Amino acid sequence: MKRLSFILLFLICSYISAQNEITPELVNDLKQQIKQSESLEKLELLDSLCWITRDKPEFKYDSIVKATVNFAIELDSFNIANRQAARLIWSLTNRMGKPEEGKAYYEEFEALQLPVTDDALLARFYLNGGDSYYFSGDVEKSINVYDIASKHAIQSKDSILYGISKKYIADAYARLGNLVEASRMLQEVEELYINTKDTIRLVNTKSSRADLYSMNGFFVEAKIERDEAIALSKSAKYYSGLLSALYNAAIDNSKEGNHKERIKNLKQALQYARGSELEDQYVPQLLNKLLTSYSQVDSLDKATEILKDIQSDPDRYTKGLFEDMHVQGLAYYYLAKKDYPKALRHAKQYYESQAASNSFENTMGAHELLFNIYEAQNDNDKALYHYKEFTKANDSILSLKKTQALSYYQTLYETEKRDAKIASQESEITILDAKNKVKQQWMLFGGIGLLTIFLIIYLTRTRAFARNKQKLLERFSQNLINEQEKERKRISMELHDSVGQKLMLLTKKTKEKNDDAMESLAEGTLEELRSISRGLHPAVLNRFGFGKAVNALVDELDNNSDILFTLDMQNVDDLISKEASIHLYRIIQESLNNILKHSKAKAVSIDIERKGEQIMTKIEDNGQGFNVSDAFGKVTSLGMKTLKERAKIIRSQLYIDSIVDRGTIVNITTPINV
3 MKRLSFILLF LICSYISAQN EITPELVNDL KQQIKQSESL EKLELLDSLC
53 WITRDKPEFK YDSIVKATVN FAIELDSFNI ANRQAARLIW SLTNRMGKPE
103 EGKAYYEEFE ALQLPVTDDA LLARFYLNGG DSYYFSGDVE KSINVYDIAS
153 KHAIQSKDSI LYGISKKYIA DAYARLGNLV EASRMLQEVE ELYINTKDTI
203 RLVNTKSSRA DLYSMNGFFV EAKIERDEAI ALSKSAKYYS GLLSALYNAA
253 IDNSKEGNHK ERIKNLKQAL QYARGSELED QYVPQLLNKL LTSYSQVDSL
303 DKATEILKDI QSDPDRYTKG LFEDMHVQGL AYYYLAKKDY PKALRHAKQY
353 YESQAASNSF ENTMGAHELL FNIYEAQNDN DKALYHYKEF TKANDSILSL
403 KKTQALSYYQ TLYETEKRDA KIASQESEIT ILDAKNKVKQ QWMLFGGIGL
453 LTIFLIIYLT RTRAFARNKQ KLLERFSQNL INEQEKERKR ISMELHDSVG
503 QKLMLLTKKT KEKNDDAMES LAEGTLEELR SISRGLHPAV LNRFGFGKAV
553 NALVDELDNN SDILFTLDMQ NVDDLISKEA SIHLYRIIQE SLNNILKHSK
603 AKAVSIDIER KGEQIMTKIE DNGQGFNVSD AFGKVTSLGM KTLKERAKII
653 RSQLYIDSIV DRGTIVNITT PINV
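All residue numbers in the sequence shown are consecutive under our numbering, ending with 676.
Shown next as C-alpha cells:
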C-alpha cells in the first residue's frame, strides 16, 4: 500500500505539472492518503501537498503548511520544517500581499530556535523573513535579518544567496535614503556576479543601481547603468531584463521631458516583446505608453495607429492592470485632437483612480494633465487650482530628491574623509613601529660609536623633515582642490535643482503659447544651464571612471556646438588613480572650453593612449592659434596658469604648441599609476 501511494502521488504531481491545473478532487484524494499514512510517509505526503497547493488560498495553503511544519517538528525533521516555514513566509509576503502575517509567522517560527543544520535553507528563511519586515515598513529591521541571511549564505558557500542578500540590503538602504551604502553594496554585488559570470543577476543588479540613481535625479548615471544592462541582456538573450531596462529607461526619458528618446525606447521594447513569453505582460503597457507619448508630441497619425492596435483587442489591452494607463493615454490623445470634453472626462477618471490608490507621482501627473486641458479651454480658475496642486507636489518631490542628493554627497565626503584619516593613522603607526625596531637595533649596537649615531640621527631627521614638509604641501594642495571641487558641486546642484526646474516650467509654458522665438530661447537657455552644471561637477567621473567621463564631455560639446569633435581613446582607467584622473579630466575640460571660446576652430581631435609607462593626451584644433608666451605671461590668464598647476600636481608634462592662423596642439604626458 505504501509503494502504491507513492506511485499515485507521483502520477498526480506529473499530471499537475503537465496540465498546470489543480482540482479540489486531486487535493482531497491526497488528503485521504495522508490520513491513512503514518510517520515519515505522512510527512512526505504533507510536504507534497504543500507543494501542489502553494500560494493558493482556496485550498487553505497556509493551514496545510502550518500542519506540515508542526508534524515535521514532532518527527525532528527540522530542515523540512524550516523549508516549508520559509516558503509560507514568502507566499504571505510576496504573493498574497500579507506581509504583516508573514512577519508574525516568521517571528513565531524563529523563536523556536530549531537546530536546523542546512545553512542554505537558513539563508532562504532569513531572506524571506527580511522581506516580511521590508514590505511591512520596518526597513531597518529588515537589514538586520538580511544580514543574518548573508552570514548563512557565506557558511553554505552559496554565492548566489550571498549576492541576493546583499542586493536586498542595498534596496533597504536605498529606501532609507542611505544612497552611499546602497550604491557601494550594489557595486560589491556587481563584482560578485562578474566574477561568477552570472549575467542574469548582473543585469538585475545594474538595473537596481539605475533605479537608485533615477529615483534621486541622477539621470546621466542612470543611463550609463541602463545602457550596460541593455547590452548585457541582448548578448545573453535575457528578454525579461532587456524589456525591464528599456521600459524604465523610457520612464527616465519622460521625467527629463525627452519624448523623442522615450518613444525610441518604447518602440524598441515593443519589438522585443511581441512574440515573446512576456508579450501579455509588456505589450499592453508599451502600446498605451506609446499612445501617450505620440499624443504629447502631437504625432496624431502615429497615435491613431497605436489606438487602432489597442482597440483591436480591448479586453487584452485596456482592462485590469492596464486600464489606468489606457485612460491616461486617451486623455492625452483627445487633448492633442482638441476634443476637450472627451479629454476632460478621461483625465478626471485617471485622476480619481490615482488619488484613490495614493499614487503620489501619478496624482501629480494627473493634476498637470487637468491643468493643460482646463487652460486649453480657458477655464483659468480650475487651471490655476490644478497648476498649484501640481507645483506643490512637484516641489515636494524635488525637495526630497535634493535632500537625498545632498545627503548622498555629504555622506560620500565624510566617508572619504574618514578613510583618509584612517589611512593616515595607519601610516603613522607603521612609522612608529619602524622607529621602535630601529631603536631596539641601536640599543643592541649601542657601543659602536657616538659620532656615527649622531650622524645617522641627523640624516634621518633631516630626511623625515623633508618628507613631512612635502606631505604637508601636498596635503594643502589637495585640500585646496577638494574645496574647489566641493564648491563646484554645490553650485552645480543648485543650478540643476533650482534654476533648472524653473527653466523647465518656463520652456513648457512657452510651448503652450506657440511662440517659436521664446520657445527656442527657453530651450537653449535650459540646455546651456545643464551644460554648465555638468561642466562644474563631473559626477560621472566619480562613479564610472575617467573614460566614460571624457566620452560624456566630448559628446556634450559635439552636440552643442558647430565644431566637429573626434575622440580616439584607449582604456586607461586602470592606469591612473582616482585623484589624478580628476586633474587630467579638468585639464582636458579647460582646454576644450578654451577652444570653444577663443579658437574659431572647425574641428578638434582628442587622442588618449598609453605609450610605455606614460599616458599621452593630445588635443589638436585647426583654429586661429595664439602666442603661447604672451598667454602664460598675462596676469589675467588664470585658466592657463591653472592648467600648469594641475599638471604639476599629477607630475605631468604640459606642452602647448600654437601658431597664429594655423591652430593649436596641447600635449599632456602623464606617468601611469600616478
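All C-beta atoms in this analysis are idealised placements derived from N, C-alpha and C, irrespective of residue type, glycine included. Being a predicted model, the structure only gives us computed values, none of them experimental.
Does residue i have its Cβ less than 8 Å from a Cβ in chain D?
i	result
Glu-112	Of the chains in the structure shown, none is chain D; there is only one protein chain.
With DSSP as the reference, label residue i as helix, strand or coil.
i	result
Lys-58	coil
Glu-611	strand
Asn-669	strand
Thr-320	coil
Tyr-240	coil
Val-299	coil
Ala-605	strand
Met-571	strand
Gln-35	helix
Lys-143	helix
Pro-117	coil
Phe-137	helix
Thr-294	helix
Met-703	The question about residue 703 has no answer, for the chain in this structure spans 3 to 676.
Ser-50	helix
Pro-540	coil
Arg-276	coil
Gln-626	coil
Which same chain residues, not among the five before or five after residue i, have their C-beta less than 6 Å away from its C-beta?
i	result
Ala-251	Arg-228 and Asn-267
Ile-265	Ser-295
Asn-669	Lys-620 and Tyr-657
His-388	His-369, Leu-372 and Phe-373
Leu-124	Val-118 and His-154
Ala-345	Ala-333, Tyr-336, Leu-337 and Ile-375
Val-141	Ala-174, Arg-177 and Leu-178
Asp-575	Gly-547, Phe-548 and Gly-549
Exposed or buried, what is residue i when buried is set at 16 or more other beta-carbons lying within 10 Å of its beta-carbon?
i	result
Tyr-135	buried
Pro-343	exposed
Thr-672	buried
Lys-169	buried
Gly-526	exposed
Ala-176	buried
Asp-133	buried
Ile-196	exposed
Glu-193	exposed
Asn-218	buried
Leu-94	buried
Excluding sequence positions up to five away, which residues of its chain have a Cβ less than 7 Å from the Cβ of residue i?
i	result
Gly-131	Ile-91, Tyr-108, Glu-112 and Val-147
Asn-573	Gly-549
Ser-601	Asp-623, Gly-625, Gln-626 and Thr-666
Phe-324	Pro-286, Gln-287 and Asn-290
Gln-298	His-261 and Tyr-334
Val-556	Phe-567, Leu-569 and Ile-608
What residue range is occupied by the uninterrupted beta strand (DSSP E) comprising residue i?
i	result
Glu-620	Correcting the residue identity first, residue 620 is Lys in this sequence and not Glu. Element bounds for Lys-620: 616 to 623.
Ile-565	Unbroken run through Ile-565: none, as it is neither H nor E.
Gln-655	655 to 661
Check for me: the alpha helix (DSSP H) holding residue i runs from which residue to which?
i	result
Tyr-342	342 to 358
Arg-203	201 to 217
Phe-111	101 to 112
Gly-165	161 to 177
Gly-331	325 to 338
Quick check: residue i and residue j, are their CB atoms within less than 8 Å of each other?
i	j	result
Thr-365	Gln-351	no
Ile-308	Tyr-319	no
Ala-605	Ile-578	no
Leu-245	Ala-271	yes
Leu-598	Ser-563	yes
Glu-377	Ala-385	yes
Leu-645	Ile-589	yes
Ser-235	Val-205	yes
Ile-674	Ile-610	no
Asp-49	Ile-75	no
Gln-35	Leu-47	yes
Using a Cβ-Cβ cut-off of 8 Å (strictly less than) and excluding sequence neighbours within five positions of residue i, which residues of its own chain qualify?
i	result
Ser-216	Ala-224, Asn-250, Ile-253, Asp-254 and Lys-257
Asn-629	Ser-660 and Val-662
Cys-52	Tyr-63, Ile-66, Val-67, Thr-70, Gln-86 and Arg-89
Leu-280	Tyr-241, Ser-242 and Leu-245
Gln-412	Annotation note: pLDDT 42 at Gln-412 (below 50); position unreliable, no value reported.
Lys-340	Ala-378
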